[in-house]
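A.B. asks: My numbering puts the first residue of the sequence shown at 2, with every later residue one more than the last.
Note that the Cβ used here is the ideal one computed from N, Cα and C, for glycine as well.
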Amino acid sequence: MTKKISNGVDKNKLKDSLKKLEKIIEWFDSQKEVDVEAGLEKVKEGTTLIKASKERLKELENEFEEVKKELKEEIESDIE
Numbered sequence: 002m003t004k005k006i007s008n009g010v011d012k013n014k015l016k017d018s019l020k021k022l023e024k025i026i027e028w029f030d031s032q033k034e035v036d037v038e039a040g041l042e043k044v045k046e047g048t049t050l051i052k053a054s055k056e057r058l059k060e061l062e063n064e065f066e067e068v069k070k071e072l073k074e075e076i077e078s079d080i081e
């Protein structure tokens, strides 16, 4: 199931979020003069993507720890 945060960003698409962040950075780097309003929108979008990415990374870390725990229990039960 796909999880979404309040602004509709798909938290399961970590790779896509990181690519979007990269494009935002490239946009800022390519500007000789930044339109303040457009820049603010990019900053807001980037902030949302960063929050979603951090949440997804935490979820992945928790999933990894759970798998690691299950594997350890499986190995210990095989030894006994």
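Under the three-state reduction of DSSP, which class applies to D36: helix, strand or coil?
C.D. replies: As a working mapping, residue 36 is identified with position 35 in the sequence shown. If DSSP states are grouped into helix, strand and coil, D36 belongs with coil.
A.B. asks: Among the residues of its own chain, which have a CB less than 8 Å from the CB of L58, if the five just before and after it don't count?
C.D. replies: Numbered from its first residue, the sequence shown carries residue 58 at position 57. Once the five neighbours on either side are set aside, the close Cβ partners of L58 are L15.
A.B. asks: With respect to the alpha helix (DSSP H) encompassing K20, which residues constitute its N-terminal and C-terminal limits?
C.D. replies: Here residue 20 corresponds to residue number 19 of the sequence shown, with the count starting at 1. Its alpha helix (DSSP H) spans residues 15-31.
A.B. asks: Here's a check: name, in chain order, each residue in its chain whose Cβ is nearer than 8 Å to the Cβ of F29, leaving out the five neighbours to either side.
C.D. replies: Looking up residue 29 in the sequence shown gives position 28. Excluding positions up to five away in sequence, the list reads V35, G40, K43.
A.B. asks: Give me, in chain order, the residues of the same chain whose beta-carbon lies closer than 8 Å to that of E46; leave out the 5 immediate sequence neighbours on both sides.
C.D. replies: Your numbering for residue 46 matches position 45 in the sequence shown. Here the set comprises K21, I25.
A.B. asks: Identify which residue in E38, S54, I80 has its Cα closest to the Cα of D17.
C.D. replies: Translated into positions along the sequence shown, residue 17 becomes position 16. When only C-alpha atoms are compared, the closest one is S54.
A.B. asks: Return the CA-CA distance between K70 and S31, expressed in angstroms with no decimal places.
C.D. replies: Against the sequence shown, residue 70 aligns to sequence position 69. Against the sequence shown, residue 31 aligns to sequence position 30. One C-alpha to the other measures close to 46 Å.
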